[in-house]
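J.: Those protein sequence lines, which keep their order, are chains A and B.
If you use the numbering used here, the first sequence corresponds to residues 111 to 227, in order.
If you use the numbering used here, the second sequence corresponds to residues 111 to 227, in order.
Sharing a structure with you now.
Number of protein chains: 2
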Amino acid sequence: MAVDLELVPKQKRPAGVRCCEPVVYPDIEREEAVRMASVAKALGDPVRLQLVDVLRKHAGKVCVCELVPLFDLSQPTVSHHLKVLREAGIVGSERAGLWAYYFVIPDALKELSAWLS
Amino acid sequence: MAVDLELVPKQKRPAGVRCCEPVVYPDIEREEAVRMASVAKALGDPVRLQLVDVLRKHAGKVCVCELVPLFDLSQPTVSHHLKVLREAGIVGSERAGLWAYYFVIPDALKELSAWLS
DNA sequence: CCTATCCATTGACAAACATCAACTCAATAG
DNA sequence: CTATTGAGTTGATGTTTGTCAATGGATAGG
Chain A
111 MAVDLELVPK QKRPAGVRCC EPVVYPDIER EEAVRMASVA KALGDPVRLQ LVDVLRKHAG
171 KVCVCELVPL FDLSQPTVSH HLKVLREAGI VGSERAGLWA YYFVIPDALK ELSAWLS
Chain B
111 MAVDLELVPK QKRPAGVRCC EPVVYPDIER EEAVRMASVA KALGDPVRLQ LVDVLRKHAG
171 KVCVCELVPL FDLSQPTVSH HLKVLREAGI VGSERAGLWA YYFVIPDALK ELSAWLS
């Protein structure tokens with residue numbers, strides 16, 4: 111986080127005395143948190159998480175028409191979830207004739223993954 | 111995912127012929143996806159992600175009164191975010207007198223972290 | 001008691017979200 | 001050109017979310 115300050119171990123100290131000094135918030139790393147949270151948010155739906163999982167298991171590109179029947183959802187809804195993933199920078203797409211192929215963008219999950227470890 | 115089926119490489123094949131065979135969805139690993147998505151969802155907010163980050167950096171327990179001033183938010187809002195994290199199983203809390211201390215639950219992020227790697 | 005402090009809960013509200021039906025658009029086969 | 005197919009967009013709807021002001025509950029000091 112970069113909130114690198116001493117979080118003083120609390121002690122009994124009530125009555126007329128504020129619990130702790132107000133703590134400065136360095137606002138650094140704020141952008142990183144926003145970035146990682148947006149990725150996590152995109153993964154915060156079982157359908158989208160499974161979509162990413164399928165795409166990752168099949169290292170190549172996967173046609174939308176193969177993804178839709180995996181879920182008990184309408185095609186527009188799946189399309190919407192793919193759009194959310196695309197806007198989060200997690201997947202990319204590519205058209206070939208009538209079909210659209212999706213794939214996971216390498217390193218898209220790297221930052222979040224590193225932070226989680 | 112466990113959608114372990116052959117995703118046939120697409121070929122030109124339009125006109126009166128459906129794009130692909132409907133694909134069976136094994137529903138296994140469904141629960142895992144739901145579990146991991148709920149954790150990801152809880153992390154899908156910059157404030158909550160930073161809260162977890164602060165708690166992780168300070169391996170011990172951190173008082174709520176130290177967390178609130180880190181954000182430009184009201185105390186009830188921070189309390190709400192902590193509750194979301196608690197319900198997601200990511201953090202735990204403990205009271206001592208007037209104060210409440212929060213801490214990251216070990217291994218709470220393990221499954222998601224492993225999947226992301 | 002009475003008061004001050006920390007924290008959680010409630011209620012309210014606007015914004016965002018998940019979903020589907022209906023539609024549009026692009027591409028291809030005939 | 002026409003019909004068909006895959007996929008993205010729009011509009012509508014019900015649900016969830018983030019936020020705060022106000023309130024409530026517990027604890028400790030005087």
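Even glycine gets a Cβ: it sits at the ideal position worked out from N, Cα and C.
Which residues mark the beginning and the end of the alpha helix (DSSP H) in which B:E176 is found?
T.: V174 to L177 is the extent of the alpha helix (DSSP H) around B:E176.
J.: Rounded to the nearest angstrom, how far is the Cβ of A:V194 from that of A:R158, given a contact under 8 Å?
T.: Going by Cβ atoms, the distance from A:V194 to A:R158 rounds to 6 Å, so yes, they are a contact pair.
J.: Helix, strand or coil: how does DSSP classify B:S223 here?
T.: In the structure shown, B:S223 sits in a helix (DSSP, three-state: H, G or I).
J.: Which residue from B:P156, B:G199 and B:E221 puts its Cα closest to that of B:F181?
T.: Per the Cα distances, B:P156.
J.: Taking the Cβ atom as the reference point for each residue, do B:A169 and A:G154 lie within a distance shorter than 8 Å?
T.: Cβ distance not < 8 Å, so B:A169 and A:G154 don't count as in contact.
J.: So if I threshold CB-CB distances at 7 Å, which residues from the segment 138-166 of chain B count as touching chain A?
T.: Listed by position along the chain: A143, V144, M146, A147, A150, K151, L153, G154, D155, P156, L159, Q160, D163 and V164.
J.: Between A:L183 and chain B, is the shortest Cβ-Cβ distance under 8 Å, so that the two count as touching?
T.: It does not: the Cβ of A:L183 has no partner Cβ on chain B nearer than 8 Å.
J.: Starting from the C-beta of A:V164, find all residues in its chain whose C-beta is less than 7 Å away, skip the five residues before and the five after it, and write them out in chain order.
T.: Correct list, in chain order: V172, L177 and L180.
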